[in-house]
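**Student:** This is the structure, below, for whatever I ask next.
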DNA sequence: TTCACTGATTGACAAATATCAATCGACGAG
DNA sequence: CTCGTCGATTGATATTTGTCAATCAGTGAA
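Residue numbers (my numbering), protein chains in the order written: chain C, 1 to 232; chain X, 1001 to 1232.
Okay, here's the thing in structure tokens:
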């Protein structure tokens, strides 16, 4: 692949401490491609041929069963996805599609596994990355099982507010119907949930959200670092 | 700790390929303890002081929020739990309590992290273990978001049947109220769900379950390897 | 044996959430 | 500009799930 994206990728925790030679090997084996929106990059059940890295744009991880579909995560630059399937050489458990026009690096899984066997620092970085992914997934399980959809939305908004720098006004990063799916509810229910949060100072206009009084919303949402704080 | 359990632990994937000397270091630093039932071994939010291994008995991983509680997993011999918190040196995201009288090995997290830095095979084994845990958690998310509670129960029963050797009769491994919590429903709802599966040939007596016609139940449950098959 | 305790079950009811149909509103193509 | 499309919203209704209270059944202790 072209050298231009190497520095962006190199600084990712996953690659930051590996041997330069091994990193170059991975990069030489890789492809960079631009995809239009709504392209299905991978399909659940297929063998994990590539480790993917989003350089620009955004990617949705989703899954289907029995005619239903749910959004599991949205991946934004610059990060990798489906690392677990790659190292286990196991089928993808989720599908992925581009949401926007996106630039994606594809690193052949075979090469990743080979360097994983070679490079001890890379193996250690993978440990930390997977531990992070696992813990995030446990948080999501707790969010789903311990909270109602209204509580999930309230906490999601508080997390987004923090992400947006703590400002009392910010834009939703994803379409509402995708947000609904991500939160485990229907678009209709999400609409009503936004209304139900109005008494707590939440107003919505398009994808612009305003939180009048953070404390007020927190009193309802009861955010908890063991569910909501991705840094712990 | 006493040597008696070393062989049992040594054969775990996590420890099977590490240097003998490093394994001995871990074992020497460890404690073995017997606990009565219903003892809270760890509490969510606390620093991860020990990697735990269940030698006998059983342990429930659970979490609380806002007065509610949910069962996230049940750990049976011989396996480890809360590896991710240990390697990340981060607080536990879940609490753990013994269900039965249990024998537990406690390996100081500090030692685990030290050997992780030393022993490349150990680091690689941790990668595979965490990748497995992560994928299991993704399966659970899909189960929760894509299926109704009745469908979750039906698929749970089919998985248990396989685990029991494919026999058409088997015993539930956990109390019904814990099963309800694990499946994300109330005990009352579980009772009714069992009844609702009767037309598909499921009968229950205490914790004895009989599945008259597996195909019949599968037609309703629609089990899917990407959710239900832990070996893929 | 009897009693007390605990978990499972049942019925009645309430709350949460989904579904269906209709409408609204923004936006791009022609 | 106008039309057509798609996502968001709303209302009406159905389904799913939870809550509360009562009862049942098994178990162990006195």
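Heads up, the beta-carbon is just placed ideally off N, CA and C, and yes, glycines get one too.
1. Using a Cβ cut-off of 8 Å, which residues of the region 1179-1192 of chain X contact any Cβ in chain C, in chain order?
2. Hey, does residue 1044 of chain X have any beta-carbon neighbour from chain C nearer than 7 Å?
3. Please report the straight-line C-alpha distance between residue 54 of chain C and residue 43 of chain C, rounded to a whole angstrom.
4. Using Cβ-Cβ distances below 7 Å, what residues of the region 1056-1086 of chain X are close to chain C?
5. Is there a C-beta anywhere in chain X that falls below 7 Å from the one on residue 164 of chain C?
6. Hey, how far is the Cα of residue 208 of chain C from the Cα of residue 11 of chain C?
7. Once DSSP output is grouped into helix, strand and coil, what is the label at residue 964 of chain X?
8. With 16 other CB atoms within 10 Å as the buried threshold, where does residue 67 of chain C fall?
9. Tell me the start and end of each unbroken alpha helix (DSSP H) in the region 1160-1184 of chain X that is at least 4 residues and wholly inside, in chain order.
10. Are residue 1181 of chain X and residue 1074 of chain X touching if we call contact CB-CB under 7 Å?
11. Would you report the Cα separation of residue 122 of chain C and residue 115 of chain C, rounded to the nearest angstrom?
12. Report yes if the C-beta distance between residue 1018 of chain X and residue 1119 of chain X is below 7 Å; otherwise report no.
13. Which residues in the same chain as residue 197 of chain C place their Cβ atom closer than 8 Å to its Cβ, once the five residues preceding and following it in sequence are excluded?
14. Using only alpha-carbon positions, find the residue among C:129, C:37, C:34, C:6 that is nearest to residue 25 of chain C.
15. In the structure shown, what three-state DSSP assignment does residue 1111 of chain X receive?
16. Report, in whole angstroms, the separation of the C-beta atoms of residue 86 of chain C and residue 109 of chain C, which I expect to be a contact under 8 Å.
17. Need the endpoints of the alpha helix (DSSP H) that residue 1141 of chain X sits in, please.
18. Along the region 88-99 of chain C, what residues have a CB closer than 9 Å to any CB found in chain X?
19. Is residue 1176 of chain X close to chain C, meaning its C-beta is less than 7 Å from at least one C-beta of that chain?
20. Give the residues from the region 115-139 of chain C that approach chain X closer than 8 Å (Cβ to any Cβ), ordered along the chain.
**Tutor:** Taking the definition as stated:
1. Cβ contacts with chain C come from 1184.
2. With its beta carbon less than 7 Å from one in chain C, residue 1044 of chain X belongs to the interface.
3. Annotation: residue 54 of chain C to residue 43 of chain C spans about 17 Å, alpha carbon to alpha carbon.
4. Listed in chain order, the positions of the region 1056-1086 of chain X with a beta carbon within less than 7 Å of a beta carbon of chain C are 1063, 1065, 1066, 1068, 1070, 1072, 1084.
5. For residue 164 of chain C, not one C-beta of chain X is nearer than 7 Å to its own C-beta.
6. Taken atom to atom, the span from the alpha-carbon of residue 208 of chain C to that of residue 11 of chain C is near 32 Å.
7. Residue numbering for chain X in the displayed model covers 1001 to 1232; residue 964 of chain X lies beyond these limits and cannot be assessed.
8. With fewer than 16 other Cβ atoms within 10 Å, it is exposed.
9. Restricted to the region 1160-1184 of chain X, the alpha helix (DSSP H) segments that are unbroken, complete and at least 4 residues in length are 1176-1183, listed in chain order.
10. Not a contact, by the Cβ cut-off of 7 Å.
11. In a straight line, the C-alpha of residue 122 of chain C is about 8 Å away from that of residue 115 of chain C.
12. The Cβ atoms of residue 1018 of chain X and residue 1119 of chain X lie closer than 7 Å to each other.
13. Excluding five sequence positions before and after residue 197 of chain C, the CB atoms of its chain that fall closer than 8 Å to its own CB belong to 150, 153, 154, 157, 217, 220, given in chain order.
14. Selected option, being the one with the closest Cα: C:6.
15. In the three-state reduction of the DSSP assignment, residue 1111 of chain X falls in the helix class, which pools H, G and I.
16. Between residue 86 of chain C and residue 109 of chain C the beta-carbon gap is near 4 Å, inside 8 Å, which marks them as a contact.
17. Annotation: the continuous alpha helix (DSSP H) that includes residue 1141 of chain X extends over 1120-1146.
18. Contact residues of the region 88-99 of chain C toward chain X are 88, 90, 91, 92, 93, 94 (C-beta to C-beta distance below 9 Å).
19. Not one chain C Cβ lies under 7 Å of residue 1176 of chain X.
20. Listed in sequence order: 116, 117, 120, 123, 124, 126, 127, 128, 130, 131, 132, 133, 134, 135, 137, 138, 139.
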